[in-house]
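Peer 1:
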Amino acid sequence: MLNTQTNPVAQAARAGMGEKIRGALAVGKTRWGMLALVFFATTLNYIDRAALGVMQPILAKEMSWTAMDYANINFWFQVGYAVGFVLQGRFIDKVGVKRAFFLAVLLWSLATGAHGLATSAVGFMVCRFILGLTEAANYPACVKTTRLWFPAGERAVATGIFNAGTNVGAMLTPALLPLILTVWGWQAAFIAMGSLGLIWVIMWRLKYYNPEEHPTVSKAELDYINQEVEPAPVKVPFTGILKMRGTWAFALAYAITAPVFWFYLYWLPPFLNQQYNLGISVTQMGIPLILIWLTADFGSVGGGILSSWLIGRGMRATTARLLSMLIFAITICSVVFAANASGLWVAVLAISLAVGAHQRLDRKHLEPGDGLHAQAHDEYGVRLRRHVCGHWRYVHDPDCGCRVDRHQQQLQRAVHHDPGDVLHRVDLAVLHGPAQGSDAQRVIV
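Under the working numbering, think of the first position of the sequence shown as 20, with each following residue one higher.
(1) Assuming ASP316 and ASN157 make a contact with CB atoms under 8 Å, what is their CB distance in whole Å?
(2) For PRO170, which of helix, strand or coil comes out of DSSP?
(3) Does the distance from the C-beta atom of VAL236 to that of THR62 stay below 8 Å?
(4) Sort SER361, GLY331, THR178 and ARG379 by Cα distance to THR350 and report the nearest one.
(5) Using 8 Å for Cβ pairs, my map puts PHE96 next to LEU150. What's the rounded Cβ distance?
(6) Sorted by chain position, which residues of the same chain lie with C-beta nearer than 8 Å to PHE148's C-beta, five sequence neighbours on each side aside?
(7) Could you pull the start and end residues of the alpha helix (DSSP H) that GLU240 belongs to?
(8) So what does DSSP say about SER128, is it helix, strand or coil?
(9) Within the chosen definition, does the region 179-196 reach the region 73-86 through at least 3 CB pairs nearer than 8 Å?
(10) Between THR85 and ALA79, what straight-line distance do the alpha-carbon atoms span, to the nearest angstrom?
(11) Quick one: grab the DSSP three-state call for THR337.
(12) Using the Cβ count rule (16 or more neighbours within 10 Å means buried), how would you classify MET53?
(13) Would SER128 and MET82 qualify as a contact pair, given that the criterion is a beta-carbon distance under 8 Å?
(14) Quick one: what's got a C-beta closer than 6 Å to ALA133's C-beta in the same chain, skipping five residues either side?
(15) Tell me which residue opens and which closes the alpha helix (DSSP H) that PRO289 is part of.
(16) Are VAL354 and ILE370 touching if we call contact CB-CB under 8 Å?
(17) So, are the CB atoms of ILE309 and MET190 less than 8 Å apart?
(18) Which residues bound the alpha helix (DSSP H) around THR153?
(19) From the DSSP output, in three-state form, read off THR235 for me.
(20) Sorted by chain position, which residues of the same chain lie with C-beta nearer than 8 Å to VAL220's C-beta, five sequence neighbours on each side aside?
(21) Tell me the residue span of the alpha helix (DSSP H) that contains PHE209.
(22) Distance, Cα to Cα, ALA277 vs TYR228?
(23) How would you label LEU284, buried or exposed, when you count the other beta carbons within 10 angstroms and need 16 or more for buried?
(24) Please work out which residues of its chain come closer than 6 Å, Cβ to Cβ, to ILE346, disregarding the five sequence neighbours upstream and downstream, and give them in chain order.
(25) Between the beta-carbon of ILE311 and the beta-carbon of VAL374, is there less than 8 Å?
(26) For ASP67, count neighbouring C-beta atoms within 10 Å of its own C-beta (all shown protein chains included) and say buried if the count is 16 or more, exposed if not.
(27) What residues in its chain sit with their C-beta under 6 Å from that of MET263, if we drop five residues either side in the sequence?
(28) Straight-line CA distance for PHE58 to PHE181?
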């Protein structure tokens with residue numbers, strides 16, 4: 020247990036949020052610098068992922084992609100991502116988080132830049148596979164870093180902060196990419212994103228150390244980090260983790276929620292572009308996407324305020340957390356109103372509420388999963404959960420692409436008498452099993 024007399028967060032538990040933050044910083048700031056590094060890595064991770072969706076309208080025209088081509092490109096990223104989780108946890112354990120994260124970000128930055136050299140859908144598939152394979156190291160490495168640098172009482176906050184990088188990355192992408200695209204073209208945009216990763220690699224190499232090895236960490240902060248007595252990690256074999264009921268509970272939960280986030284990440288830009296003819300500029304496409312991912316960012320970091328408020332009102336912690344998760348789950352349903360929204364901003368509002376609530380639920384999967392597998396490898400449990408859910412994503416993306424093509428052709432044959440909404444049609448179609456045949460002929464524009 021933490022010593023509440025020396026734990027500044029515990030001392031400020033009943034104080035205001037500002038006092039809590041000041042109390043956490045009073046014992047030392049080095050661990051927050053380490054957290055900043057993994058936050059920026061996660062931000063870059065999602066900039067590299069989200070870029071393809073933002074640039075999809077341009078790439079589809081230039082390379083004559085169908086929706087099925089675009090879905091298959093995303094599919095190979097998911098294959099690489101799932102394979103990467105089989106390898107990355109053990110690799111991080113073996114060589115250490117500093118060297119493993121350094122190598123992973125270096126390779127995914129090179130893979131991102133290589134997109135600028137691709138000349139066909141197959142070339143993009145190869146690049147996306149390598150990108151997914153190497154980006155899979157991000158979450159295991161971030162979880163490992165927070166376990167090394169933060170006591171249990173601060174890990175939920177640390178997890179929420181670095182996980183917010185996913186939404187910051189998705190938010191920065193539509194803000195920055197159009198500026199590069201309009202001046203230098205899409206090839207330069209991929210190369211520029213890869214260059215940002217190389218800058219991070221240098222910072223990580225120079226600044227990151229494990230707590231006991233850090234040259235400037237104070238003794239007070241080191242004692243604060245290490246004062247909690249945790250059981251020594253037990254190396255549990257893969258089959259042992261599979262026998263844990265909690266593993267399958269979190270794997271199932273993540274298998275249900277993860278495809279939703281990937282659906283938004285990959286298909287929101289094409290949907291908004293087609294439905295409202297937004298183009299690729301910052302003012303047209305950028306602002307709606309920025310608002311959506313800004314709301315998601317608030318949901319990731321600020322969503323815990325609700326459960327904390329309920330606990331403060333006397334509700335049991337478990338009940339408060341379950342109730343808050345139920346409220347967020349209901350809020351996710353607001354996305355159904357985007358299907359037939361009367362205008363762009365009504366759709367943006369509905370989607371924003373859904374994405375923000377979804378991110379809070381997604382973060383809740385990260386927090387207990389870390390504690391669940393504390394007796395085994397922390398990053399091992401995280402990668403297992405995400406690997407299990409990855410198999411559903413294999414089906415989800417190609418199926419969406421096939422259905423988008425099929426329904427677009429139906430709309431085209433209807434001569435726009437009832438334009439409907441691709442997002443709504445895809446959501447309904449996914450419930451009725453695999454598509455029959457391939458109608459992937461029409462290019463998304």
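Here a beta-carbon is modelled for each residue, glycine too, at the ideal position from N, C-alpha and C.
A quick note: this is a predicted structure, and the numbers were derived from the prediction, not measured.
Peer 2: Working from what's here:
(1) Actually they are not in contact, since the Cβ atoms of ASP316 and ASN157 sit about 17 Å apart, beyond 8 Å.
(2) Here PRO170 carries a coil assignment [DSSP, helix/strand/coil].
(3) Judged by their CB atoms, VAL236 and THR62 are not nearer to each other than the 8 Å cut-off.
(4) Nearest of SER361, GLY331, THR178 and ARG379 to THR350, Cα basis: ARG379.
(5) A Cβ-Cβ distance of about 6 Å is found for the pair PHE96 and LEU150, placing them in contact under the 8 Å criterion.
(6) These residues qualify, in order along the chain: TRP95, PHE96, VAL98 and GLY99.
(7) 238-245 is the extent of the alpha helix (DSSP H) around GLU240.
(8) In the structure shown, SER128 falls within a helical segment according to DSSP collapsed to helix, strand and coil.
(9) Contact between the region 179-196 and the region 73-86 is present: three or more C-beta pairs spanning the two stretches fall below 8 Å.
(10) If you draw a straight line from the Cα of THR85 to the Cα of ALA79, it is about 7 Å long.
(11) In the three-state reduction of the DSSP assignment, THR337 falls in the helix class, which pools H, G and I.
(12) Buried.
(13) Result no, Cβ atoms of SER128 and MET82 do not sit closer than 8 Å.
(14) Cβ contact annotation for ALA133 (same chain, cutoff 6 Å, sequence separation greater than five): CYS146, in chain order.
(15) That run of the alpha helix (DSSP H) goes 264-295.
(16) The criterion of a C-beta distance shorter than 8 Å is satisfied by VAL354 and ILE370.
(17) Against a cut-off of 8 Å, the Cβ pair of MET190 and ILE309 comes out as a contact.
(18) Where THR153 is concerned, the enclosing alpha helix (DSSP H) stretches over 140-154.
(19) In this structure, THR235 counts as coil in the three-state DSSP scheme.
(20) Cβ neighbours of VAL220 beyond the five flanking positions: PHE121, VAL124, LEU125 and SER128.
(21) Per DSSP, the unbroken alpha helix (DSSP H) holding PHE209 starts and ends at 205-226.
(22) Between the C-alpha atoms of ALA277 and TYR228 there is a straight-line separation of about 32 Å.
(23) Per the 10 Å Cβ criterion, buried.
(24) Contacts found: none.
(25) Their beta carbons are under 8 Å apart, which means ILE311 touches VAL374 by this criterion.
(26) Buried is the call here.
(27) Here the set comprises nothing.
(28) Straight-line Cα distance between these residues: approximately 4 Å.
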